[in-house]
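For what it's worth, this note's numbering labels the leading residue of the sequence shown as 1, then goes sequentially. A quick write-up on the structure given underneath.
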Amino acid sequence: MIEKKHLTRRAFLRLGGAGLAVAALAACAPSADVLTPGPDPSPTPKPDAAPATAPASATTAAKPGKADVELALTATPTTVSLFAGAATQVWQYQGEVLKGDPSHLQPLPDTYLGPIIRIKKGQRLRVNFTNDIAQETIVHWHGLHVPADMDGHPRFAINRGESYQYDFQILNRAGTYWYHPHPHGITGPQVYAGLAGFFLVSDDEEQALGLPSGEFDIPLVIQDRLFDANNQLAYLTGGMMDRMMGFLGDQILVNGKPDFTLDVATRPYRLRLLNGSNSRIYKLAWDDGSPLTVIGNDGGLLEKPVQRPYITLAPAERVELWVDFSDRPVGSQIVLQSLPFISEGGGMMGGGMMRGGMMGGGMAGTTQEQGAAFDILTVRVVKESTERPRLPQRLSTIERIPANEAVTTRSVALTMRPPTGWTLNGRTFEMTAVAAEERVKLGTTEIWEFINNGSGMGVGMLPHPIHMHGQQFQILDRQIDRAGRAAWESLSQGFVDEGWKDTVLVMPGERVRVIRRFADFTGLFLYHCHNLEHEDMGMMRNFEIVA
Ligand SMILES: [Cu+2]
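The structure is reproduced here in structure tokens:
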């Protein structure tokens, strides 16, 4: 039986100045209970719901030609047994292969997570998505380069009983991508309630490497959750403070399970880690101090393996590890931990106060703060193996986008604007609006710089994981100011900035420049903070690719 903790966000709530900010924000925000996930109150479709046909926006059924793989995917309420006692009410993606090999969907038993979708680059995928939950929703394929109407933009959200037809070709290289909801204002509670799954792409280049596969290639999603005394998911229990800071749970679940253990043989493994948490950042390290060997991140394999003493993994980021258990005796175990770190910095309040330095108590004793230490999972070495696949010293070829290919540099300030909340250049999300500075010419390359100097209203500066929809980008450089340096140095050795990225953590006081191409598809796409509470508050904007 797992002991339940009922912790409050006390360190923050004691901030007098922040209290005012919270009151100001609360006055213009929807109440928390509207967003609380839980059992479906109405088992039948709403009377005003449209019949179960594709809405006018989803006209892809008429696309000519046949898909290679066709899936049915449904978001639906269900229950899972996570703890002794009451089952936990969750929302879950449930899938079925309608056309193609059954191995395109890999169900995960006894978890709230959606099935793993496995597909090969170049294949054409159709997904008939049906909404069976009591909120509007839509599916976003995180990290995939797809047309605007296939990307899960919130304007395509469908009501309960409605369906949306996806039909697109896989253009991405082999990599660890994922899918999750993207309706405006309620993405956080829907992901939290269980709606998320892996989307794994393979290609010929990757398959030729002979990396560990099958049962030795293990996707692992890390999520923090908070449960009430009746085993039910609790969300936004800290009210507006949770929205301002981002919701943090006090218990780690891996692949939807508490106290996750992984039984391995004495041989190398490929572990794919996804931070599927709403706002928690992890500083991942082995408890015996072994370095981590990274072979891939958001957009697939790196050029060559790199080592890190620990891995910094912000919400939505992925890393792929090569982990060799060959030298470990059967019967031994090793724990993957998240080490403590400093998350806030700069700003008028200063990082120390945010962490409770002046409040007494600090963050010691509460696991519910950003930067708290956790055990993530335990690996148990349970059997001998003589298989010794070799780690390739060259994994892939990554063409660096030359900086001088960029036709312009755009600056995006990550700021707090009273009473609205977190913004991008002072703006919050508008469903179809695009500012002049958010229009990009099709076929061009641009540098975007994300500048985190956004304190205000008594709130210190927070880290923001910034995600761009569409093509993957490359990280050009980072600059950190003096005020943010302590927090930055507590995480910076764990950044994996090599390779292709779709999400980048921008620390307090930091400026990060990324370069990307805007090719193939016109239309509205999103860039936003992947702290899901920030996103739901409107820290998201459209950019439009115009011909
Ligand atoms: Cu944010």
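Glycine included, C-beta positions come from ideal geometry on N, C-alpha and C.
With burial defined as no fewer than 16 other Cβ atoms inside 10 Å of the residue's Cβ, what is the status of E320: buried or exposed? buried
Going by CA-CA distance only, name the one from Y164, E449 and I158 that's closest to I186. I158
Distance, Cα to Cα, H140 vs R173? 18 Å
Is M539 near ligand 1, with its Cβ less than 6 Å from a heavy atom? yes
Residue range of the alpha helix (DSSP H) that includes V434: No alpha helix (DSSP H) holds V434; DSSP gives it neither H nor E.
Residues bridged to D477 (per DSSP): R513
Rank P463, A148, G85 and V69 by C-alpha distance to the C-alpha of I117 and give the top, closest one. V69
Roughly how many angstroms lie between the CA atoms of P189 and E387, to the nearest whole one? 43 Å
DSSP state of M468, grouped into three classes? strand
Below 7 Å between beta carbons: does that hold for T409 and I447? yes
Buried or exposed, going by whether 16 or more other CB atoms sit within 10 Å of the CB of Q307? exposed
Is the segment 199-213 close to the segment 223-243, with three or more CB pairs under 8 Å? no
7 Å Cβ cutoff met for L313 and L271: no
Please classify N230 as buried or exposed, where buried requires at least 16 neighbouring CB atoms within 10 angstroms. exposed
Is it a yes or a no for the segment 419-437 touching the segment 489-506, going by three-plus beta-carbon pairs under 8 Å? no
Specify the secondary structure class of N275 as computed by DSSP and reduced to three states. strand
Could you name the residues of the same chain whose beta carbon sits closer than 6 Å to that of H530, not counting the 5 residues immediately before and after it, in chain order? P315, A316, P465, H467 and T503
Under 6 Å from any heavy atom of ligand 1, does the C-beta of H551 make it? Here the chain covers residues 1 to 547 and nothing more, so residue 551 does not appear.
Among P109, I119 and Y93, the one whose alpha carbon lies nearest that of P102: I119
For R482, which option in L462, S213 and G345 has the closest C-alpha, if you only look at C-alpha atoms? G345
Under a three-way DSSP split, which group does E533 fall into? helix
Per DSSP, K99 forms a beta bridge with which residues? E70
Boundaries (first-last residue) of the alpha helix (DSSP H) holding G65: From DSSP, G65 is part of no alpha helix (DSSP H); its letter is neither H nor E.
Cβ-Cβ distance between E510 and G494 below 7 Å: no
Return the CA-CA distance between P258 and I545, expressed in angstroms with no decimal places. 42 Å
Measuring from the CB of H469, is there a heavy atom of ligand 1 at a distance below 6 Å? no
V381, enclosing beta strand (DSSP E) - first and last residue: F374 to K383
Counting only runs of 4+ residues fully inside the segment 200-287, write out the alpha helix (DSSP H) ranges in chain order. 204-207 and 240-245
Spell out the partners DSSP gives A406 in its beta bridges. T445
H184, DSSP secondary structure in three states: coil
Find out if the Cβ-Cβ distance for the pair Q223, G276 is shorter than 7 Å. yes
Let's test the definition: count the other Cβ atoms within 10 Å of the Cβ of G443 and tell me whether it reaches 16, buried, or not, exposed. exposed
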